[in-house]
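To keep things clear, I will list the structure first and then write my remarks on it.
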Amino acid sequence: MTNTARARYRFAQWTLRAITTMAVRHFGLCLSCDERSTDTTDPDTAQLWCLKHAGLTGHTGYELSAFQHFNATMTDSPAGPTRRSSRPL
C-alpha cells in the first residue's frame, strides 16, 4: 500500500485593480500581414500608423486595440474556512 498525499482546494474571491501609474495603451494591427504599430498612450498615433501602412502597402483591414495593466488581489481571508464544532447545538 502506498501513501498518497491529498490536496485541499478552496475557492477564493479575487478582484482586479488598474495600475494607476500605467496609462491605457493603444496599437494598430494590420490584418493582412500581422505587422503592428508600437503601443502608445495616444490612440490617434495608432490610427495614423494604420493609415500610413495602408498608403505604403495597399492593405485595407486593420484592428485598433487598447489595453490596461491590472493587479489581481485576493479579497477574502487567506486563512482557510474555520472548522465547525462537531457537537450538536
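Read left to right, the sequence shown gives residues 41 to 129 (the numbering used here). Beta carbons are placed, not taken as given, at the ideal position from N, Cα and C, and that holds for glycine. A quick note: this is a predicted structure, and the numbers were derived from the prediction, not measured.
Note on Ala-86: 16 or more other CB atoms within 10 angstroms of its CB, so buried under the neighbour-count rule. Between Glu-75 and the set Leu-56, Gly-101 and Gln-53, the nearest pair of CA atoms involves Gly-101. With a 10 Å radius around the Cβ and a threshold of 16 neighbouring Cβ atoms, His-66 comes out buried. Residue environment analysis places Ser-105 among the exposed positions, since fewer than 16 neighbouring C-beta atoms fall within 10 angstroms of its C-beta. If you draw a 10 Å sphere on the C-beta of Leu-56, you find fewer than 16 other C-beta atoms in it, and that means exposed.
Contiguous beta strand (DSSP E) elements confined to the segment 80-119 occur at 102-107 and 110-114, taking only those with 3 or more residues.
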